[in-house]
Each structure stands twice: as C-alpha cells, then as structure tokens.
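> If you scroll down you'll find the structure; I have some questions about it.
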Amino acid sequence: MKLHITVLPGDGVGPEVTREAVRVLRTAADLYGCEVSFEEHTIGGVAIRECGAPLPEATARACMQSQAVLLGAVGGPEFDSLPAGQRPESGLLALRQALGGYANLRPAIAYGAIADCSPLRPEIIKGADVLIVRELLGGIYFAEPRGFESGSCPSAYNTMRYSEAEIERVAHVAFQQARMRHRKVTSVDKANVLETSQLWRKTVTRIAREYPEINLDHMYVDSCAMRLITHPGSFDVILTENLFGDILSDEAAVISGSLGMLASATIGGKVDLYEPVHGSAPDIAGRGIANPLGAIASAAMLLRHSARLEQAARDIEDAIREVLDAGHRTADLSRGRAKRAVSTAEMGTLVESAVADVTDRRRAYHAV
Ligand code: NAD
C-alpha cells in the first residue's frame, strides 16, 4: 500500500512537533508494509514571509493532490497587527474550507501516568477515553441569515439550521467510530428547546437502526457538560453539532492534562486533515521543549482513517502510553517532578522505539 502525505509544519513549535510525528508515522507505516511519501509545504506565517500569502497556491494544490494532510500549527505575535484576512490563521481556515471535512474528531484520553496533570481528581478521570465527533460545516456558525440590526436598540442575530443530510453523514461517522471502540454513542442536543435538535435526535435515532450493535443514548447539552467533568469515564463516542461540539471538546480536553497531548482529525471531505489541537506556542518555540504527543497521536489518527491501518494506529497509541508509564515527561507534563524533562526530539525517539517494541511483542504473542 502507498500513502502520499502533504506535511505543513507551519509556525512556532509546529515544525518541532511535526518532525517527531513524521518520524513515528514513517516507522509505524513501515512496520505494516505501507510505503509513505511526504511532501513538505509552507502555510501560515512562514508562507507569508516566503510567498506573501498564508496559503500559497502550491500548498493548496499539493494538499488537494495528496491522500492526507498533516499540519503543525500556525500563527505568531509578529503577525497579530495584520488585517484578519491576511493573518496566518486565515490560511488554515481557507485550507479547512478547501478540504471540506465535515466531521471533526477529538479524542480526550486520561493517561493514568499523568493523571496528576489534570485539574480533575485522579479518581474522577480514571479510565476516561472519550471521542467527540463534532459536525463542522453546519449549524449556527454558517447558516443564513445572520447580521446586525441598528435602531434605537441595536440587535444581532444568527440562524441555527441543519438539514437531515448534514446530520445523517456525521451520524454515520460517529457510529462507525463506535464500532471500533466500546460500541456506545451519546448524541448530544437541546431537543427540549430547539427544532434543529429535534430533527437531530430523530435523524440520529433513525440512522442508529443501521448499527444494531451500537448502544445509543441521547443527552441534553447542559447535562452532558456536567457529566463530562463528573463522570468522564461513562462516555465512549459523543456525537454533537457544531456549536455544542466546539464547547464540549474544549471542556473534555481538561481530562488529558496538557494542551500538548491533544490530537484531532477532520474527515469526510476531499482530503482529510490531521493536526494537534494546540497553537504555535510562541512562548516556548525554538527551545526544543514542546510536547509532540498531540502531533504524534494525530499521526496515529491519520493511519487509522486515511490508511485504514487500525492496528498501526493502536500501536502508536499504546507506545505513547508505555512511554508515559515509564516516567518520561516533556516539560509541560513534568511540573518540576520528573527527574529530567525530556526534549521534543527525545520524546519522539522514545515513542518511535516503543512503537517497534509494541508491534514486535504483539506479533510474537499472536505467533505462539
Ligand atoms: P497555544 O496553543 O499556542 O499555547 C497556549 C499555551 O499552551 C502556551 O503556554 C503554550 O506554551 C502551551 N502549549 C501549546 N502547545 C504546547 C505543546 N505542544 N507543548 C507544550 N506546551 C504547549 O495558544 P495561544 O498561545 O493562544 O496561541 C499562539 C498562536 O497560535 C496564536 O497566533 C494563535 O492564533 C495560534 N493558534 C493556532 C492554532 C492552530 O494552528 N490550529 C490553534 C490555536 C492557536
């Protein structure tokens, strides 16, 4: 099997964490006989400096011609004074739009070894492993009409709108994900108040009939927000619309203990996009201390969704767990307690060699 990936390291810590993600991805793919080629392009601030635009044409073209895009991060303080449409972030927004992904996947995992990094008590987050599937192209962020009205009492308005087709396609993604996990989908809405949520609930319930092996329950978004931090372990896949998903996925992030741990995938469009959740972290850029695990976990998602190499993805995820269990920490996770915080590159090397060990051990186990 062959896989062609466009790599967009971007700005700040982007290139540092992406280098490690590429290293681990290459090793894992190799172990599974998948031939990967990487083509690197600029985006964001570095593209503005080199080409005068945050999303150069050559970058956009390369992305559209590849099977997946792996991105670092964009942005930096030196660009903050530019008009919104010319800033590095506008390049990423334009890319997301061009790729057209409608399902945003954000896992939030409580790794036992770093449970003390979360502001939640260890006994609350123990075992939590949630995947939020957020609808990304519909709902209140995009629907018309929207705007301001002047007058004696100025007002503003937005429209929340969903079509059945938009709900159906993202529901399928959630049920298919649940199949590979613990076979439970919690659909989150506000059906006691909103018509869009009533359509959402009805449509998700209908689609669920195609997945009889999956357990579906429905929850109002306010209850879900509370339950996510009181009983995060009770969730498997959370399926929700754009606005609710935006808020809930940030809330769920506290389970993992550091922004540097969080991965994401945006799928369903022409080409799928994989990126860590964090930004360019200008405060630590260039020092080699950024946590690459979110970027590495994004590479695992790439192997799962774009290469259909589920076992390779799991091997990377197991390797991350093993490296943390062995006590290795980047600075954001060490809180001064680790013997010595490892660098970005050291963490990448540790995960890379753990991937090879995990794969070897599993193959030896299945061989006997
Ligand atoms: P940020 O995510 O860059 O940083 C927030 C905090 O988390 C900082 O203290 C940073 O040091 C820390 N952090 C982030 N990633 C880390 C990692 N891998 N390891 C260790 N610590 C890490 O968010 P911000 O400071 O609000 O934004 C900085 C720039 O990034 C801005 O220009 C912003 O627009 C941009 N940004 C880009 C993206 C993206 O590319 N997807 C997302 C968010 C922000």
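Here the sequence shown stands for residues 75 to 442, where the numbers follow the working numbering.
The beta carbon of each residue, even a glycine, is placed where N, CA and C say it ideally should be.
(1) With which residues is Asp291 paired in a DSSP beta bridge?
(2) Relative to the C-alpha of Ala132, which residue among Leu145, Glu113, Gly149 and Leu144 is closest?
(3) In angstroms with no decimal places, state the Cα-to-Cα distance between Asp389 and Ala202.
(4) With distance defined between alpha-carbon atoms, name the residue in Leu383, Arg395, Asp190 and Ile122 nearest to Glu109.
(5) If you follow the beta strand (DSSP E) that Asn316 is part of, which residue opens it and which one closes it?
(6) Compute the distance between the beta-carbons of Arg255 and Val311, then report whether it is under 8 Å.
(7) For the 8 Å Cβ check, are there 3 or more pairs between the stretch 290-308 and the stretch 336-350?
(8) Within the present structure, is the beta-carbon of Ala364 separated from the nearest heavy atom of ligand 1 by less than 7 Å?
(9) Assuming Leu367 and Met421 are in contact, meaning their beta carbons sit under 8 Å apart, how far apart are those beta carbons, in whole angstroms?
(10) Since Asp389 is in the beta strand (DSSP E), which residue starts that stretch and which ends it?
(11) Terminal residues of the continuous beta strand (DSSP E) containing Tyr106?
(12) Where does Ser338 fall in DSSP's three states?
(13) Closer than 7 Å by C-beta to Phe153: which residues in its own chain qualify, once you throw out the five before and the five after it? Chain order, please.
(14) Quick one: what does DSSP say His402 is sitting in, helix, strand or coil?
(15) Could you tell me if the beta carbon of Gly165 falls within a distance shorter than 7 Å of some heavy atom in ligand 1?
(16) Please classify His440 as buried or exposed, where buried requires at least 16 other C-beta atoms within 10 Å of its C-beta.
(17) Report the option in Val87, Ala134 and Ala142 whose CA atom is closest to the CA atom of His78.
(18) Should the stretch 198-212 be called in touch with the stretch 278-293, which here means at least 3 C-beta pairs below 8 Å?
(19) Could you tell me whether any non-hydrogen atom of ligand 1 is closer than 7 Å to the CB of Glu113?
(20) Which value, in whole angstroms, describes the spacing of the CA atoms of Met75 and Asn232?
(21) Going by other Cβ atoms of all chains shown within 10 Å of its Cβ, with 16 needed for buried, is Gly360 buried or exposed?
(22) What residues in its chain sit with their C-beta under 6 Å from that of Glu315, if we drop five residues either side in the sequence?
(23) Let's test the definition: count the other Cβ atoms within 10 Å of the Cβ of Arg403 and tell me whether it reaches 16, buried, or not, exposed.
(24) Tell me the DSSP bridge mates of Leu179?
(25) Any heavy atom of ligand 1 closer than 7 Å to the CB of Leu179?
(26) Determine which residues share a DSSP beta bridge with His78 and list them.
(27) Output the distance between the C-alpha atoms of Ala387 and Arg283, rounded to the nearest integer angstrom.
(28) Excluding the 5 residues flanking Thr80 on each side, which residues of the same chain have their C-beta closer than 7 Å to its C-beta?
(29) I'd like to confirm something about His379: is its beta-carbon nearer than 7 Å to some heavy atom of ligand 1, or not?
(30) Pick from Gln171, Ala187 and Leu145: whose alpha carbon is nearest that of Ile392?
(31) Work out the CA separation of Thr433 and Ala373 for me, nearest whole Å.
(32) What does the alpha-carbon distance come out to for the pair Ala158 and Tyr106?
(33) According to DSSP, is Val311 part of a helix, a strand, or is it coil?
(34) Could you name the residues of the same chain whose beta carbon sits closer than 6 Å to that of Ala428, not counting the 5 residues immediately before and after it, in chain order?
(35) With respect to 7 Å, is the separation between the Cβ of Ile358 and the closest non-hydrogen atom of ligand 1 below this value?
(36) Where are the beta strand (DSSP E) runs, 3 residues long or more, that stay fully inside the stretch 213-275, in chain order?
According to the data block:
(1) In DSSP, Asp291 forms a bridge with Thr260.
(2) Restricting attention to Leu145, Glu113, Gly149 and Leu144, the CA atom closest to the CA of Ala132 is found in Glu113.
(3) Separation of Asp389 and Ala202 (C-alpha to C-alpha, rounded to the nearest whole angstrom) is 19 Å.
(4) Checking every option, the nearest Cα to that of Glu109 belongs to Leu383.
(5) That residue, Asn316, is in no beta strand (DSSP E); its alpha helix (DSSP H) goes Asn316 to Ala326.
(6) Cβ distance < 8 Å, so Arg255 and Val311 count as in contact.
(7) With the cut-off at 8 Å, the stretch 290-308 and the stretch 336-350 do not touch.
(8) Taking 7 Å as the cut-off, one finds at least one heavy atom of ligand 1 near enough to the beta carbon of Ala364.
(9) Sure, about 7 Å apart at Cβ, within 8 Å.
(10) Asp389 -> not in any beta strand (DSSP E); alpha helix (DSSP H) instead, spanning Glu384 to Asp399.
(11) No beta strand (DSSP E) contains Tyr106, which DSSP labels as neither H nor E.
(12) Looking at Ser338 - three-state DSSP - the assignment turns out to be strand.
(13) If we look at Phe153 and ignore the five residues flanking it on each side, its Cβ neighbours are Gly119, Ile122, Arg161 and Pro162.
(14) Coil.
(15) With a cut-off of 7 Å, the C-beta of Gly165 is classified as distant from ligand 1, since no heavy atom of the ligand falls inside that distance.
(16) So His440 counts as exposed.
(17) Nearest neighbour of His78 by Cα position, chosen from Val87, Ala134 and Ala142, turns out to be Ala142.
(18) No: fewer than three Cβ pairs fall under 8 Å.
(19) Distances between the C-beta of Glu113 and the heavy atoms of ligand 1 are all 7 Å or more.
(20) The alpha-carbon atoms of Met75 and Asn232 are separated by roughly 46 Å.
(21) It is exposed - the Cβ of Gly360 has fewer than 16 other Cβ atoms within 10 Å.
(22) The beta carbon of Glu315 sits closer than 6 Å to those of Glu209 and Gly213, all from its chain and outside the five residues before and after it, given in chain order.
(23) Arg403 should be labelled buried.
(24) Bridge partners of Leu179 according to DSSP: Val207 and Ala339.
(25) At a threshold of 7 Å, Leu179 does not count as near ligand 1, since its beta carbon sits no closer than that to any of the ligand's heavy atoms.
(26) According to DSSP, residue pairing for His78 in a beta bridge involves Ser111.
(27) Whole-angstrom Cα-Cα distance: 29 Å.
(28) Contacts found: Glu113, His115, Ala136, Cys137, Ser140 and Val143.
(29) For ligand 1, not one heavy atom lies less than 7 Å from the Cβ of His379.
(30) Ile is not the amino acid found at residue 392; the sequence shown has Asp there. Closest option to Asp392, judged by alpha-carbon separation, among Gln171, Ala187 and Leu145: Ala187.
(31) Cα to Cα, Ala373 sits roughly 16 Å from Thr433.
(32) Each residue's Cα considered, the two are about 43 Å apart.
(33) In the three-state scheme derived from DSSP, where H, G and I count as helix and E and B as strand, Val311 is classed as strand.
(34) Once the five neighbours on either side are set aside, the close Cβ partners of Ala428 are Ala393, Glu396 and Val397.
(35) Yes, since a heavy atom of ligand 1 falls inside the 7 Å radius drawn around the Cβ of Ile358.
(36) Qualifying beta strand (DSSP E) stretches, in chain order: 221-223, 229-231 and 258-263.
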